[in-house]
Amino acid sequence: MPSPSAGFCAHLRTKTAYYRTPDGERIFKPDESTACYTCLKTQRPVGPDGRPVDAQSCGADRGCFEQE
Amino acid sequence: MSRRVTLNLGFQGNTRDVTVVIPDDEPTPWQWGERLSVVGKPTPRVDGPLKATGAAHYTYDIELPGMLYGAILRSPRPHARIRNIDLSAAEHLDGVRAVLALEDREIRFAGQEVAAVAAISSDLAADALKLIKVDYEKMPFVVDMDRAMADFAPRVFGSGSNVGRTSTSSVGNVARGLEVAANTIEAAYTTAVQTHVCLETHGAVASFNAARDQLTVWCSTQGVFSVRDDLAVYFSLPPDNVRVVCEFLGGGFGSKFGATPEMIVAARLAGATGVPVKVMLPRGDEHRSTGNRPNSEQKVKLGVDRDGKLTAIDLVQRGSGGIGGGAGSAGPFKSIYRCANIRTEERNIYTNAGPASPMRAPGWPQGCFALELAMDEMARKAGIDRLEFRRRNSDNPVRAAEYEIGARAFGWAEKNSSPKSSGAFKRGVGVASAEWHAVGVPGPEAQVIAHRDGAVEVRVGTQDIGTGTRTILAIVAAEELGLPVDRVKSEIGDTRFLFSVPSGGSLSAPSNTPAVRQAAAHLKDKLFRIAAPILGAEPDDLEASDGFIRVRTNPSRSLAFADVCKRIPGDSISAQGERVANYEGFRTDQAGCQFAEVEVDTETGIVRVTHVVAVHDAGRIIDPLMARSQVNGGILMGIGFALFENRRMDPMLGIMVNPTMDDYKLLGSLDVPRIDVTFFEVANGITNTGVMGLGEVAHVASAAAVACAVYDAIGVPVRSLPITPDRVLAALGRA
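Those protein sequence lines, which keep their order, are chains A and B. All residue numbers for the first sequence refer to the working numbering, where the first residue is 1296 and numbers rise by one. All residue numbers for the second sequence refer to the working numbering, where the first residue is 538 and numbers rise by one.
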């Protein structure tokens, strides 16, 4: 199910997140197995902390996380 | 305010009335059988002459006064820690204006960005890269998916496992479905990594103003607004201070959505030097670093009952997106065929290889290949005609109609029963089913302008990834305004225009055409208000057609569209339109099927595709020429995936060994078969144009149909893509 962007890192990127819900939120689909995630800070699928990025792991527990 | 309208929707022989609520100012959606004047007629690409003569300006063609040329140093090592970078020699080279060490100190794939330079020529920039001294601390690496899963494998990400999260789905009881089956099959299928090979490589030209608070970027992108927003965040600028332009784009296929490394590098170098900087990637970097379709290994079990109905579909899959994720392929297993018991399990495996990125129907060509070849293996085992087997297991009425159309056009009955052999050459046929859901999204806005000279201009902040966006937007505006297409000009590819969404997910046509139609309708209302007093009628009594605005009940009372425009009080008159949310409509899915015929040389193992028939539905087809071109492209890309494309990694060095157009095998002109495309029109009423996207659905089934045809030709399934001569010979026991 699509999730609104609240709670996701402001630098997390994936194809669907370039589209928005009718409420203006970026669209994330954490369960989507074909989603390719990147971090805008590195432009790669790796965060500034050296760990992989995706909708499930880029949370507030990571030092590089920035709230949208 | 809104209104209720009842629409007759559906397809030939299957229509029904559907009532939808639409905004008052929204044009009534086109219905089944509605006759239109320019929509649906073959219209040549409006920018074709510009492209054919070289007048179209791509990012590569952008040259600005004082511009510098940037280049990126990439790691030759697949896994390393950078102990030190010495930039001094590069900085002192005459003609070099800036040198940057990029921040990431850990390298995870060969091709990762390490440093960048800007110089007065591209040759000098390349020379400067050679002067940068990087002290790498080598680290163990793994580029092979199987080895990456081993307990002792080098870790791509520190101490974390190379085996990513498992994604599962389940309906019914697969174990029970297999238990009750009259026939079962079990087989493993693999597909190779397919790299992005856009003819225009990734690149950008970036320019800051003197105050460094206004950034303009010309770039090769699928989303001018998404790049704008990314750059605004990255450089902490208000979005309005960033302008992104992409007048023409030489292919994207999913790899050019947002701000990519070379865009950031170009902008950083421009900021550092105070002059524009251009960075266009060389072909090798494109193969190594800009994205790919992940590989896959798919273990499939199918069960069918005595009636040839599927009782179980089971997929255990893994794939590697290199240092990235997104390697799933279960989509087709979950939805193309009806089955009460379906289970899928997908795992992404990390390796020290270039990252995956979205690529034309992500995951679906891989999954469709495995599913459809398994379907053929099951049909053979159960003794059922392959097309009939698919008919029995598909409950989609659109696809059912398409099977019949395709089978007739292809000559399935004759070809499927004719002898396979002609000496060493064996012929075979295959069929595969597609699916997609390209209904489009709200968000885009459009502006349509009528000038005093009668010319009309459409402006939308979308971009054309090569599919003919300019043309279809002009057609839709022309239809609404009752004009020939050549009176309408489309301006796109600039964030100075009204917002639009990225061109991906087959969303451009279904997202943008409704906004243009609404804007054109609003403009028409304004022109009717100008014309009405002259014609002695009320605006509501007027219609626009054939270049005239006339009284509906008395067509002899009319004014030429251009004459109405002469009465515009200013220089022009314009109106805006927005893409509103989708209506319920008729269906939101797309079916589609493709038939392929191949000829296999059993002495050399070479496969040649001789004929493909494609039947697709995409709602209302705006321009059959453009649409056919898209389907052709999807099929050709699918044949390349089926027979040729394969990123080869050296397991000892951890590098890609075929990052050139010579060594990375693509389909060539002599490999192009006869292609026949039929569009099956479905009036869906989801938007005011009813258009659906075609880019991805036209690609989903192509490789699968070819693989099924090869199986039919040689009697042995080749379960790994690409189906190279050595694999064919091995399947025949002649390797």
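From the three backbone atoms N, C-alpha and C, an ideal C-beta is built for every residue, glycine too.
Inset, instruction - Report the residue from B:F906, B:D822, B:K952, B:W901 whose alpha carbon sits nearest the alpha carbon of B:V1234. - result: Within the second sequence, numbered from 1, the residue matching residue 1234 of chain B stands at position 697. It is B:W901 whose Cα lies nearest to the Cα of B:V1234.
Legend entry - Close-in-space but distant-in-sequence residues of the same chain around B:I1086 (CB under 7 Å, 5 per side omitted): Walking along the second sequence from the start, residue 1086 of chain B turns up at place 549. Cβ within range, chain order: L1064, F1065, A1068, L1079, S1095, L1096, F1098, V1101.
Legend entry - Minimum C-alpha distance to B:D1126 - residue among B:V1228, B:P979, B:E914, B:D688: Indexing the second sequence from 1 puts residue 1126 of chain B at position 589. If we check each option's Cα against that of B:D1126, B:V1228 comes out closest.
Inset, instruction - Just tell me which of B:G845, B:V968, B:P934 has its CA closest to the CA of B:C905. - result: Within the second sequence, numbered from 1, the residue matching residue 905 of chain B stands at position 368. For B:C905, the nearest C-alpha among the options comes from B:V968.
Inset, instruction - Just the chain A side, please: which residues come within less than 7 Å of B:F794 by C-beta, in chain order? - result: Walking along the second sequence from the start, residue 794 of chain B turns up at place 257. Per Cβ cutoff of 7 Å: K1310, Y1313.
Legend entry - Closest Cα partner of B:L666 within the set B:D683, B:A638, B:E643, B:R945: Residue 666 of chain B sits at position 129 when you count from the first residue of the second sequence. Nearest C-alpha to B:L666: B:A638.
Inset, instruction - Could you have a look at B:S707 and say whether DSSP puts it in helix, strand or coil? - result: Here residue 707 of chain B is taken as the residue at index 170 of the second sequence, counted from 1. Correct three-state label for B:S707: strand.
Inset, instruction - Could you tell me if A:M1296 is buried or exposed, where buried requires 16 or more neighbouring beta carbons within 10 angstroms of its beta carbon? - result: Residue numbering aside, residue 1296 of chain A sits at position 1 when the first sequence is read from its first letter. Here A:M1296 scores only 45 on pLDDT, less than 50, and its place in the model should not be relied on; the value that follows carries that caveat. Result: exposed.
Legend entry - Members of the stretch 800-819 of chain B near chain A, C-beta cut-off 8 Å: I801
Inset, instruction - Can you pull the chain B residues whose beta carbon is under 8 Å from the beta carbon of A:L1335, in chain order? - result: Your numbering for residue 1335 of chain A matches position 40 in the first sequence. D767, V770, Y771, G795, A796, listed in chain order.
Inset, instruction - State yes or no: is the beta carbon of B:L1044 nearer than 9 Å to at least one beta carbon in chain A? - result: One-based indexing of the second sequence puts residue 1044 of chain B at position 507. By this cut-off, B:L1044 is an interface position.
Inset, instruction - Output, in sequence order along the chain, the residues in the stretch 847-880 of chain B whose CB is closer than 8 Å to any CB in chain A. - result: G858, I860, G861, G862, G863, A864, G865, S866, A867, G868
Legend entry - A:P1297, DSSP secondary structure in three states: In the first sequence, counting from the first residue as 1, residue 1297 of chain A sits at position 2. Residue placement at A:P1297 cannot be trusted, given a pLDDT of 48 that sits under 50; what the coordinates show is reported in the next sentence. In this structure, A:P1297 counts as coil in the three-state DSSP scheme.
Inset, instruction - Kindly say whether B:V700, judged by its beta-carbon, lies nearer than 9 Å to any beta-carbon of chain A. - result: As a working note, residue 700 of chain B is residue 163 in the second sequence. No, because no Cβ of chain A sits closer than 9 Å to the Cβ of B:V700.
Legend entry - chain A contact for B:Q835 (CB, 9 Å cutoff): Here residue 835 of chain B refers to the residue found at position 298 of the second sequence. Answer no: the Cβ-Cβ gap between B:Q835 and chain A never drops below 9 Å.
Inset, instruction - Please list the residues of the stretch 1116-1143 of chain B that have a C-beta atom closer than 9 Å to any C-beta atom in chain A, keeping them in chain order. - result: A1118
Inset, instruction - Look up B:E1136 in the DSSP assignment and give the residues it is bridged to. - result: For this step, residue 1136 of chain B is matched to residue 599 along the second sequence. Paired residue(s): B:R964, B:R1145.
Legend entry - CB contact below 9 Å: B:G1232 versus chain A: As a working mapping, residue 1232 of chain B is identified with position 695 in the second sequence. Output row for B:G1232: interface = no.
Inset, instruction - For B:D641, go through chain A and note every residue whose CB falls closer than 7 Å to its CB, in chain order. - result: Counting from 1 along the second sequence, the entry for residue 641 of chain B is found at position 104. Correct list: T1337.
Legend entry - Alpha carbon of A:F1303 to alpha carbon of A:E1363, nearest angstrom: Stepping through the first sequence from its first residue, residue 1303 of chain A is reached at position 8. Stepping through the first sequence from its first residue, residue 1363 of chain A is reached at position 68. Taking the straight line joining both Cα atoms gives about 6 Å.
Inset, instruction - Please name the residue, chosen from B:R540, B:G547, B:Q549, that lies closest to B:V557 on a Cα-to-Cα basis. - result: Translated into positions along the second sequence, residue 557 of chain B becomes position 20. Residue B:R540 is the option with its Cα nearest to B:V557.
Legend entry - Where B:F694 meets chain A, residues with beta-carbon distance less than 9 Å: For this step, residue 694 of chain B is matched to residue 157 along the second sequence. In chain order: V1341, G1345, R1346, P1347.
Inset, instruction - Return the first residue and the last residue of the beta strand (DSSP E) that B:C1292 is part of. - result: Only positions 538 to 1272 of chain B appear in this structure, which leaves residue 1292 of chain B out of reach.
Legend entry - C-alpha gap between B:T705 and B:N878, whole angstroms: Taking the second sequence and counting its residues from 1, one reaches residue 705 of chain B at position 168. Taking the second sequence and counting its residues from 1, one reaches residue 878 of chain B at position 341. Spanning the two alpha carbons is a distance of roughly 14 Å.
Inset, instruction - Following the continuous beta strand (DSSP E) through B:F906, name the residue where it begins and the one where it ends. - result: As a first step, residue 906 of chain B must be located in the second sequence, where it is residue number 369. Looking at the DSSP string, B:F906 is not in any beta strand (DSSP E); the run it does join, the alpha helix (DSSP H), is 901-919.
Legend entry - Euclidean distance between Cα positions of B:A1164 and B:K675: For this step, residue 1164 of chain B is matched to residue 627 along the second sequence. For this step, residue 675 of chain B is matched to residue 138 along the second sequence. Each residue's alpha carbon lies about 50 Å from the other.
Inset, instruction - Within the same chain, show all residues whose beta-carbon is closer than 6 Å to that of B:N710, passing over the 5 residues directly before and after it, in chain order. - result: For the purposes of this step, residue 710 of chain B is identified with residue 173 of the second sequence, where counting begins at 1. The residues are N878.
Inset, instruction - Could you have a look at B:R749 and say whether DSSP puts it in helix, strand or coil? - result: In the second sequence, residue 749 of chain B corresponds to position 212, counting from 1. Three-state DSSP puts B:R749 in coil, outside helix and strand.
Inset, instruction - Leaving out five residues on either side along the sequence, give the residues of the same chain with a beta carbon under 7 Å from the beta carbon of B:T552. - result: Taking the first residue of the second sequence as 1, we reach residue 552 of chain B at position 15. Same-chain partners within the cutoff: N545, L546, W569.
Inset, instruction - Return the Cβ separation of B:G1175 and B:H1236 in integer angstroms, given the expectation that the two are a contact with Cβ distance under 8 Å. - result: Looking up residue 1175 of chain B in the second sequence gives position 638. Looking up residue 1236 of chain B in the second sequence gives position 699. Sure, about 5 Å apart at Cβ, within 8 Å.
Inset, instruction - Counting only the same chain and skipping the five closest in sequence on each side, list residues whose C-beta sits under 7 Å from that of B:R1039. - result: Start at 1 with the first residue of the second sequence, and residue 1039 of chain B comes out as number 502. What sits at residue 1039 of chain B in the sequence shown is Pro, not Arg. Closer than 7 Å at Cβ, skipping near neighbours: Q759, G760, S763, F794.
Inset, instruction - Check each candidate in B:N832, B:K918, B:D932 and name the one with the smallest Cα separation from B:R884. - result: Position 347 of the second sequence, counted from the start, is the residue given in the question as residue 884 of chain B. When only C-alpha atoms are compared, the closest one is B:N832.
Legend entry - Alpha-carbon to alpha-carbon, B:L715 and B:E784: As a first step, residue 784 of chain B must be located in the second sequence, where it is residue number 247. As a first step, residue 715 of chain B must be located in the second sequence, where it is residue number 178. Computed Cα separation, rounded: 54 Å.
Inset, instruction - Compare the C-beta of A:C1326 with all C-beta atoms of chain B and state if any pair is closer than 9 Å. - result: The residue you call residue 1326 of chain A lines up with position 31 of the first sequence. Position check: residue 1326 of chain A holds Asp in this sequence, whereas Cys was assumed. At least one chain B Cβ lies under 9 Å of A:D1326.
Legend entry - Contacts of A:Q1242 in chain B (Cβ-Cβ under 9 Å): Past the boundaries of the shown model lies residue 1242 of chain A; chain A is included only from 1296 to 1363, so the question cannot be answered.
Legend entry - Where the beta strand (DSSP E) containing B:T552 begins and where it ends: Stepping through the second sequence from its first residue, residue 552 of chain B is reached at position 15. Per DSSP, B:T552 belongs to the beta strand (DSSP E) from 551-560.
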